[in-house]
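Asks: In full-length UniProt numbering, the protein residues as written are 22 to 244. For every residue, glycine included, the Cβ atom is placed at its ideal position computed from N, Cα and C. Computed from a predicted structure; not experimentally measured.
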Ligand code: ADP
Ligand code: ADP
């Protein structure tokens, strides 16, 4: 599919509160797109709808050709998700957690795949540690490794760099860019510099409405 994500007039209410208001956008295969907006704009709500954890009230969303309501299993297979404040399992060892997760995903040849993601996310020297012994940056690597285990075509990252110290910030940004060389990525943030550091394109959301959607090169040439 050339189109990885197609969102069409999605609205979501929490009681009277309208968290998403006729949101539409498309993301092509291979893009790294920033989903930028202040707290409460609706970013997490949109991401939970794309990952099938929440249903929209109106509109529809297609991920890798699969409808998020009608074909949840297919969507979950083709999408990797790093939620905000990823809970993980604090008392598990890194490798134990990834093995547990591979079992949940039903991954074939999981030993090989686990070693690949450990290497890819720079966790080699930390596999024997407990998750609660890791810094925030290494916890995010575990979250990324987990999201990549089943070789998803699309990655959804909710505020992946919030709360990282400056060194970790640089490293996690590099890692995300590297992963993005062969994976479509939608990542949320409330900071424009985040988008500039990692993304080709930005979709800006405010109060549940899309207010801008453009390639960074176009935005820069305007000024
Ligand atoms: P963002 O991720 O951009 O910070 P959210 O999608 O988390 O935004 O929230 C959008 C709006 O919906 C906010 O006003 C938030 O308070 C509200 N909201 C989010 N989740 C719930 C919920 N479970 N119940 C009620 N309101 C919610
Ligand atoms: P985000 O950074 O995505 O905005 P929040 O802090 O808004 O995260 O949300 C954290 C959790 O609280 C989520 O599960 C969300 O659904 C829930 N939540 C957010 N806002 C509300 C709200 N106004 N009422 C009830 N639950 C909420």
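What is the C-beta distance between residue 215 and residue 86, in whole angstroms, given that I count them as a contact (C-beta under 8 Å)?
Replies: The sequence position of residue 215 within the chain shown is 194, counting from 1. The sequence position of residue 86 within the chain shown is 65, counting from 1. Incorrect: roughly 29 Å between the Cβ atoms, too far for contact.
Asks: Which first and last residues belong to the beta strand (DSSP E) in which residue 86 is found?
Replies: If you number the chain shown from 1, residue 86 lands on position 65. Careful: residue 86 lies outside any beta strand (DSSP E) and carries neither H nor E.
Asks: According to DSSP, is residue 207 part of a helix, a strand, or is it coil?
Replies: For the purposes of this step, residue 207 is identified with residue 186 of the chain shown, where counting begins at 1. It is a strand residue.
Asks: Would you give the residue range spanned by the alpha helix (DSSP H) that residue 47 belongs to?
Replies: Here residue 47 refers to the residue found at position 26 of the chain shown. Element bounds for residue 47: not the alpha helix (DSSP H) but the beta strand (DSSP E), 38-49.
Asks: Beta carbon of residue 64, beta carbon of residue 209: below 8 Å?
Replies: Stepping through the chain shown from its first residue, residue 64 is reached at position 43. Stepping through the chain shown from its first residue, residue 209 is reached at position 188. The answer is yes: Cβ separation under 8 Å.
Asks: Does DSSP put residue 80 in a helix, in a strand, or in coil?
Replies: Here the question's residue 80 lines up with position 59 in the chain shown. Three-state DSSP puts residue 80 in a strand.
Asks: The alpha helix (DSSP H) spanning residue 188 covers which residue range?
Replies: Counted from its first residue, the chain shown places residue 188 at position 167. Taken as a continuous stretch (DSSP letters only), the alpha helix (DSSP H) holding residue 188 covers 187-200.
Asks: Shortest alpha-carbon distance to residue 191 belongs to which of 219, 89 and 180?
Replies: Position 170 of the chain shown holds residue 191. Out of 219, 89 and 180, 219 has the C-alpha closest to the C-alpha of residue 191.
Asks: Going by C-alpha distance, which of 71, 180, 78 and 52 is nearest residue 37?
Replies: The residue labelled residue 37 in the question sits at position 16 within the chain shown. For residue 37, the closest alpha carbon among the candidates 71, 180, 78 and 52 is that of 78.
Asks: Excluding the five sequence neighbours on either side, which residues of its own chain have a C-beta within less than 6 Å of the C-beta of residue 81, listed in chain order?
Replies: Residue numbering aside, residue 81 sits at position 60 when the chain shown is read from its first letter. These residues qualify, in order along the chain: 29.
Asks: From the DSSP secondary-structure annotation, give me the bridge partner or partners of residue 178.
Replies: Here residue 178 is taken as the residue at index 157 of the chain shown, counted from 1. Answer is 103 and 208, bridged to residue 178.
Asks: Looking at the structure shown, is residue 55 part of a helix, part of a strand, or coil, going by DSSP?
Replies: Here the question's residue 55 lines up with position 34 in the chain shown. Looking at residue 55 - three-state DSSP - the assignment turns out to be strand.
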